[in-house]
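Protein chains in written order, with my numbering: chain A, 1 to 218; chain B, 219 to 363.
Next up, the structure:
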């Protein structure tokens, strides 16, 4: 009988799910991946089965080896993984560098990504009859302008020095999103360079949206 | 910043000791800081009103209400006196300012009894009283109730 595994409920293109996939891969943690389709049947995240796991009905949810403890919010999950599986740390040891890495992660996870979420784009398009592509591009460009400035002060090989951190886990999915909405990444050279370096790593490639079992070919 | 303060000054702690409870406290905090608060930022509200010519009050009420519906359920499963058990944590620290905002925007907090109860308890705590928006030197006079 195989030992119990973590189960990740996610969506191929959900940035937050993607961040956790990278973390699990970097730490060499085996897990079951259960796709939750955000579009099919009005969105499987709204069905009772998923709502019981995560009342906030967002992705991802990580169910622990006991089969019932469910953790939500990608950054909270990543901090948990880093505490419980300390190999290949995702946070710098120095408290100030750690705070800077967390800050960069939060610029993506709080300032940029939430306003580009599927449920927000739905309201922008359906209730306001506004251009969701223009909306997405606008907020990503604003956020990346600030992030480029932050990362250019801390970057080595990666966003903060030469160790992969939670900042990098948040950056890669957001750059994918940016490209999807037509953002010109050449305006953000540090972000572009770091993203390129990270994209060549096996853990990041395995976690890439297009490589998931529920990915839709574009 | 809150994580940094905890590391520099670990007592009294604002994080549960148990890793799962700590993850739950962070999740509640992030449910506010990532899923609710961003929609109420001034630059977003101005864009909604001035660029899209939509009702910013309806916009922010929508996102606070949707966020609090889920948070009420999540917090109910972990709460005792505070959001996670009997100790104040980062979850409570994020909750109180968001409830203040919710009331400013006319969200009916009676829909969220657990969140309201915790907020009422914390409103008596000296640290929360001193940190309150209306206790700050740059605050306008507190409006009459």
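Glycine included, every Cβ here is placed at the ideal spot set by N, Cα and C.
Exercise for review: Spatial neighbours of residue 352(B) within its chain, please: CB distance less than 6 Å, with the 5 preceding and 5 following residues excluded, ordered by chain position.
Suggested key: What you label residue 352(B) is simply residue 134 of the second chain in a count that begins at 1. These residues qualify, in order along the chain: 360.
Exercise for review: Mind listing the chain A neighbours of residue 248(B)? Cutoff is C-beta to C-beta under 7 Å, in chain order.
Suggested key: On the second chain, residue 248(B) is found 30 positions in, with the first residue counted as 1. Result: 73, 75 and 76.
Practice item. Using the Cα positions of residue 107(A) and residue 147(A), report the straight-line distance between them to the nearest angstrom. Key: Counting from one through the first chain, the residue named residue 107(A) turns up at place 107. Counting from one through the first chain, the residue named residue 147(A) turns up at place 147. If you take the alpha carbons of residue 107(A) and residue 147(A), they lie about 7 Å apart.
Check your understanding: Using the C-alpha atoms, what's the distance from residue 282(B) back to residue 70(A)?
Key -> Residue mapping note: residue 70(A) aligns to position 70 of the first chain, counting from 1. Residue mapping note: residue 282(B) aligns to position 64 of the second chain, counting from 1. Using only the alpha carbons, I get a separation of about 23 Å.
**Study point:** Backbone CA spacing between residue 21(A) and residue 171(A) [nearest angstrom]
**Key:** In the first chain, counting from the first residue as 1, residue 21(A) sits at position 21. In the first chain, counting from the first residue as 1, residue 171(A) sits at position 171. Roughly 13 Å between the two C-alpha positions.
Review point. Name the residues in the segment 280-293 of chain B whose C-beta lies less than 9 Å from a C-beta of chain A; which are they?
Key: 280, 281, 284, 285, 287, 288, 289, 290, 291 and 292
Check your understanding: Using the beta-carbon count (16 or more within 10 Å), is residue 183(A) buried or exposed?
Key -> In the first chain, counting from the first residue as 1, residue 183(A) sits at position 183. Flag for residue 183(A) reads buried.
Check your understanding: In its own chain, which residues sit with a C-beta less than 6 Å from the C-beta of residue 53(A), not counting the 5 before and 5 after it?
Key -> Position 53 of the first chain, counted from the first residue, corresponds to residue 53(A). Excluding sequence neighbours, residue 53(A) sits near 61 and 70.
**Study point:** Euclidean distance between Cα positions of residue 103(A) and residue 41(A)
**Key:** Within the first chain, residue 103(A) is the residue found at index 103, counting from 1. Within the first chain, residue 41(A) is the residue found at index 41, counting from 1. Computed Cα separation, rounded: 36 Å.
Exercise for review: Report the rounded CA-to-CA distance for residue 101(A) versus residue 362(B), giving the unit in angstroms.
Suggested key: Walking along the first chain from the start, residue 101(A) turns up at place 101. Walking along the second chain from the start, residue 362(B) turns up at place 144. Each residue's alpha carbon lies about 43 Å from the other.
Practice item. Using a Cβ cut-off of 9 Å (strictly closer), state whether residue 79(A) contacts chain B. Key: Your numbering for residue 79(A) matches position 79 in the first chain. Yes, contact with chain B.
Practice item. Report the option in 333(B), 289(B), 300(B) and 274(B) whose CA atom is closest to the CA atom of residue 51(A). Key: Within the first chain, the letter at position 51 stands for residue 51(A). Considering only alpha carbons, the answer is 289(B).
Point to revise | Rounded Cβ spacing between residue 181(A) and residue 110(A) (contact assumed at less than 8 Å) | key: Here residue 181(A) refers to the residue found at position 181 of the first chain. Here residue 110(A) refers to the residue found at position 110 of the first chain. 19 Å between Cβ atoms; not a contact.
Point to revise | 8 Å Cβ cut-off: residues of chain B touching residue 83(A) | key: Indexing the first chain from 1 puts residue 83(A) at position 83. Those are 237 and 240, listed as they occur along chain B.
Exercise for review: Report the rounded CA-to-CA distance for residue 320(B) versus residue 326(B), giving the unit in angstroms.
Suggested key: Taking the second chain and counting its residues from 1, the one referred to as residue 320(B) is at position 102. Taking the second chain and counting its residues from 1, the one referred to as residue 326(B) is at position 108. Distance between the alpha carbons of residue 320(B) and residue 326(B) is about 8 Å.
Exercise for review: Using a Cβ cut-off of 8 Å, pull out every chain B residue sitting near residue 41(A), in sequence order please.
Suggested key: Here residue 41(A) refers to the residue found at position 41 when the first chain is read from its first residue. Those within 8 Å of residue 41(A) in chain B number zero; the least Cβ separation is about 20 Å.
Point to revise | Start and end residues, beta strand (DSSP E) containing residue 70(A) | key: The count along the first chain starts at 1 and reaches residue 70(A) at position 70. Per DSSP, residue 70(A) belongs to the beta strand (DSSP E) from 70-72.
Point to revise | residue 197(A) (DSSP reduced to helix, strand or coil) | key: Walking along the first chain from the start, residue 197(A) turns up at place 197. Residue 197(A): helix per DSSP, three-state reduction.
**Study point:** Min CB distance residue 36(A) to chain B below 9 Å
**Key:** Position 36 of the first chain, counted from the first residue, corresponds to residue 36(A). Cβ-Cβ to chain B under 9 Å: no for residue 36(A).
Exercise for review: Starting from residue 61(A), follow its DSSP beta bridges and name the residues at the other end.
Suggested key: In the first chain, counting from the first residue as 1, residue 61(A) sits at position 61. The partner list for residue 61(A) (beta bridge, DSSP) reads 9(A) and 72(A).
Review point. From what residue to what residue does the beta strand (DSSP E) around residue 33(A) run?
Key: Here residue 33(A) refers to the residue found at position 33 when the first chain is read from its first residue. Per DSSP, residue 33(A) belongs to the beta strand (DSSP E) from 31-35.
Review point. What is the C-beta distance between residue 214(A) and residue 31(A), in whole angstroms, given that I count them as a contact (C-beta under 8 Å)?
Key: The sequence position of residue 214(A) within the first chain is 214, counting from 1. The sequence position of residue 31(A) within the first chain is 31, counting from 1. Contact doesn't hold; Cβ gap of about 15 Å is too wide.
Review point. So what's residue 303(B) in DSSP terms, helix, strand or just coil?
Key: Your numbering for residue 303(B) matches position 85 in the second chain. Residue state, collapsed to three classes: strand.
Check your understanding: Is residue 116(A) near residue 37(A), with beta carbons less than 9 Å apart?
Key -> Here residue 116(A) refers to the residue found at position 116 of the first chain. Here residue 37(A) refers to the residue found at position 37 of the first chain. Not in contact: residue 116(A) and residue 37(A) (Cβ atoms no closer than 9 Å).
Point to revise | Within 9 Å of chain B by C-beta, residues of the segment 138-157 of chain A in sequence order | key: 138, 139 and 142
Check your understanding: Identify the residues that DSSP records as bridge partners of residue 258(B): which are they?
Key -> To locate residue 258(B), count along the second chain from 1; it is residue 40. Beta-bridge pairing links residue 258(B) to no other residue.
Review point. Under 9 Å between C-beta atoms, does residue 255(B) make it to chain A?
Key: Along the second chain, one-based indexing puts residue 255(B) at 37. Output row for residue 255(B): interface = yes.
Exercise for review: Let me know the secondary structure DSSP gives residue 298(B) once reduced to three states.
Suggested key: Residue mapping note: residue 298(B) aligns to position 80 of the second chain, counting from 1. Reduced to three states, the DSSP call for residue 298(B) is coil.
**Study point:** Beta carbon of residue 24(A) nearer than 9 Å to that of residue 207(A)
**Key:** Locating residue 24(A) in the first chain gives position 24, counting from the first residue. Locating residue 207(A) in the first chain gives position 207, counting from the first residue. Yes, these two residues count as a Cβ contact at 9 Å.
Review point. Across which residues does DSSP place residue 161(A) in a beta bridge pair?
Key: For this step, residue 161(A) is matched to residue 161 along the first chain. 155(A).
Check your understanding: Would the beta-carbon of residue 306(B) fall within 9 Å of that of residue 254(B)?
Key -> For this step, residue 306(B) is matched to residue 88 along the second chain. For this step, residue 254(B) is matched to residue 36 along the second chain. The answer is no: Cβ separation not under 9 Å.
Check your understanding: Three or more C-beta pairs closer than 8 Å, one from the segment 266-275 of chain B and one from the segment 191-209 of chain A: is that the case here?
Key -> no
Practice item. Use the C-beta contact count for residue 292(B): other C-beta atoms within 10 angstroms, 16 or more gives buried, fewer gives exposed. Key: Taking the first residue of the second chain as position 1, residue 292(B) is located at position 74. Residue 292(B) should be labelled buried.
Review point. Applying the criterion that 16 or more other CB atoms from any shown protein chain within 10 Å of the CB defines a buried residue, is residue 223(B) buried or exposed?
Key: Sequence index remark: in the second chain, residue 223(B) carries index 5 (1-based). Under this definition residue 223(B) is an exposed residue.
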